[in-house]
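In the numbering used here, the protein residues as written are 2 to 292.
Backbone N, C-alpha and C define an ideal beta-carbon position, used for all residues, glycine too.
Have a look at the structure below, then the notes.
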C-alpha cells in the first residue's frame, strides 16, 4: 500500500463538501469508444445528487452532456435536474435548468479568441493540418475537437493516434504564433483545441460563482467542491481542471507523484482504484454539508 496516497485520501475524507464535478470519459465510464455506463454509477450519482450540487465538466456540447446526465439519472432525472449543472465545450459554456421557464439556459459563454487569427482562418488551418490524420473535426462555438478513427480500434491505438495529433498540434500552434492564445488538451480519445480563457478551471470558477449566487457558502479557493478527472498530466484534458488552483482535485487515472494535493483513491485493502470504480468508491465515503 502507498502510505502517502492513503494519507492524501484520508485528508480529503476529513472534509465536508457541498458539490462535485466530474469529467466523463475515464471518470464515469471506462475510457474507450462509446463505453457503456457501469451499472453501479447511476445509483451513486442519484444518491449524491440528493446531498450535493453536481456538475459534468466535459468537452462535449450541451446536447451530448445532457443526454449523458439523463442516462445516468434515469427515472429520477426530473426530480434531480435542478441540482445539476452542465459545463460543456471544455469549460467554454455552462448550462442549468431554469424552473421558472422549464427550460435549460446558458449561464455563461466564453468567446473563441481572435486576437491573432480569425476562427474561420484557424478552422482552415486545422483542416489543412489534420484532415489526413483524423476521422472528424468537430467545430463548436468555444472548442474544436479532433477525433481519430475510433470504431473497432483498440483503446491503446486511439491513444497513440491522439498523441501524434497532440504533437503536430503543438507544433502548429507555435509556428503560427497561437500558443499563447489557444490551448490543446488530449483525452486519449480526441484532442481538444480551445481558448486560454475557456479551460475546465474556468468551468470550476463559474460553477462556484453560480453556487455563491444561490447562497452556498464557499471559500475563495472553492475547496468545498470536489473534482473527479482522469488525465491531470501535462496536455491531458484534465490538466487545468485538476491543477489544484480551485476545488479539491481527485485523479481516477494518471497520478503525478510530486503533487501532494492530488488525491488518488485507495480501497480498504490498500489497493489503488481507477476509473469509474474509483469515482463510485470515493463518493460513497465522502461527507457532505447539509445546506
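- [ ] Enumerate in chain order the residues of its own chain whose CB-to-CB distance from residue 178 is below 6 Å, with the five nearest sequence positions on each side excluded.
- [x] Against the chain shown, residue 178 aligns to sequence position 177. Within the same chain, residue 178 has close Cβ partners 117.
Open item on the list: So residue 69 and residue 188 are supposed to be a Cβ contact under 8 Å. How far apart are they, rounded?
Closed with: Within the chain shown, residue 69 is the residue found at index 68, counting from 1. Within the chain shown, residue 188 is the residue found at index 187, counting from 1. That pair is no contact at about 15 Å.
Task: Cut-off 6 Å between Cβ atoms - residues of its own chain near residue 173, not counting five sequence neighbours on either side - done: By one-based count along the chain shown, residue 173 stands at place 172. Here residue 173 has 130 as same chain residues with Cβ atoms under 6 Å from its own Cβ, once five neighbours each way along the sequence are excluded.
TODO: Identify, in the order they occur along the chain, each residue of the same chain with its Cβ nearer than 7 Å to the Cβ of residue 128, setting aside the five sequence neighbours on each side.
DONE: Residue mapping note: residue 128 aligns to position 127 of the chain shown, counting from 1. Taken in chain order, the residues that qualify are 138.
Task: Helix, strand or coil at residue 50 [DSSP, three-state] - done: Position 49 of the chain shown, counted from the first residue, corresponds to residue 50. Shown here, residue 50 sits in a helix according to DSSP, grouped into three states.
- [ ] Taking all protein chains shown into account, decide if residue 270 is buried (16 or more other Cβ within 10 angstroms of its Cβ) or exposed.
- [x] For this step, residue 270 is matched to residue 269 along the chain shown. Counting Cβ neighbours within 10 Å, residue 270 comes out exposed, since fewer than 16 surround it.
Task: Cut-off 8 Å between Cβ atoms - residues of its own chain near residue 126, not counting five sequence neighbours on either side - done: Working through the chain shown from its first residue, we reach residue 126 at position 125. Once the five neighbours on either side are set aside, the close Cβ partners of residue 126 are 118, 173, 177.
Open item on the list: So, with DSSP's three-state summary, where would you put residue 136?
Closed with: Taking the chain shown and counting its residues from 1, the one referred to as residue 136 is at position 135. Looking at residue 136 - three-state DSSP - the assignment turns out to be coil, as it is neither helix nor strand.
Open item on the list: I believe residue 205 touches residue 185 by the beta-carbon criterion, under 8 Å. Please report the beta-carbon distance rounded to the nearest angstrom.
Closed with: Locating residue 205 in the chain shown gives position 204, counting from the first residue. Locating residue 185 in the chain shown gives position 184, counting from the first residue. Wrong, their Cβ atoms sit about 19 Å apart, outside the cutoff.
Task: 8 Å Cβ shell around residue 156 - same chain, five flanking residues per side excluded - done: Walking along the chain shown from the start, residue 156 turns up at place 155. Contacts found: 32, 33, 34, 189.
- [ ] From the DSSP output, in three-state form, read off residue 192 for me.
- [x] In the chain shown, residue 192 corresponds to position 191, counting from 1. Strand at residue 192.
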